[in-house]
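Numbered as in the numbering used here, the sequence shown ends at 140 without a single skipped number.
Worksheet: one structure, shown below.
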Amino acid sequence: QPKQHAGTMPPLGGVALSDNDVAAVAAYVWAIGHQKKG
């Protein structure tokens, strides 16, 4: 069952990230999502 929450998630999950941090996370997520299988 889905959990009930009092509100929405804050922007960026409530964590202070710089533009460089956001770019690094985006690059990492893209890379692991585009790995060649086999």
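Cβ atoms here follow ideal geometry from the backbone N, Cα and C, with glycine treated the same way.
Near residue i, which residues of its chain fall below 7 Å by C-beta distance, leaving aside the five closest residues on each side in sequence?
i	result
Val127	none
Pro112	none
So, at 6 Å on beta carbons, what are the nonlocal neighbours of residue i in its own chain, with the 5 sequence-adjacent residues on each side left out?
i	result
Ala108	none
Within the continuous alpha helix (DSSP H) that includes residue i, where are the two ends?
i	result
Gly135	Asp121 to Gly135
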